[in-house]
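See below for the structure under consideration.
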Amino acid sequence: MTDEEIMTRYAEGDRHSFGEIFARWAPRLHGYFLRVTGASADADDLLQATFLTVHRGRMSFRPEMGLRGWLFTIAARVRRDEARRRFRRPSDADLATAEELAAPEAGDFVVARERASAVLGDSPARAHHALARGPQGTAQPHRAVARRAS
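The sequence shown runs 5 to 154 under this note's numbering.
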């Protein structure tokens, strides 16, 4: 039985077909995610998100387009969306590092902002947010200065 036939059966309500699709394609998709992320935990999360999307979108599967392309298109979009989410919302570790670098003993606000930008990427808004929050999420007295410097 082809992958497309199995996926069609799954879309028609055969729950056991999902297990077959997962068994056939999870190792390949996981390998793809592992290559692009370099982290097994991230690859696991992306694989789970991909198969959740497959489940939700199973009714839109078109056998004539092929399962391989459909799965890898979903996988690439899941990876892209996760990368965008991480860029827009840095992790707590990234913010903590930026806040450490921007501590008052780091000196001049402009230098602190540049250091925070280096950690958080080239986003002045993210650096400003980290500086404005200050250590342990406290407001800093230089908040008004930060607004004027933006």
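Think of the CB as a built atom: it goes at the ideal place given N, C-alpha and C, for glycine as much as any other residue. All values derive from a computational prediction rather than experimental measurement.
DSSP state of residue 81 mapped onto helix, strand, coil: Residue state, collapsed to three classes: helix.
Given 8 angstroms, three or more beta-carbon pairs between the segment 48–60 and the segment 80–92: Touching, per the Cβ criterion.
Span separating the alpha-carbon of residue 28 from that of residue 67: For residue 28 and residue 67, the distance between alpha carbons rounds to 17 angstroms.
Cα-Cα separation between residue 45 and residue 38, rounded to whole angstroms: Distance between the alpha carbons of residue 45 and residue 38: 9 angstroms.
Sequence-distant residues of its chain with Cβ nearer than 6 angstroms to residue 75 (five each side left out): Here the set comprises 29.
Where the alpha helix (DSSP H) through residue 23 begins and ends: Per DSSP, residue 23 belongs to the alpha helix (DSSP H) from 20–41.
Separation of residue 57 from residue 150, as counted between CA atoms: Legend: pLDDT at residue 150 = 46, less than 50; position of this residue unreliable, value from coordinates given subsequently. Going from the Cα of residue 150 to the Cα of residue 57 covers about 42 angstroms.
Beta-carbon contacts of residue 59 that lie in its chain and below 8 angstroms, excluding the five residues immediately before and after: Correct list, in chain order: 22.
Buried/exposed call for residue 79, threshold 16 Cβ in 10 Å: Buried, since its Cβ has 16 or more Cβ neighbours within 10 Å.
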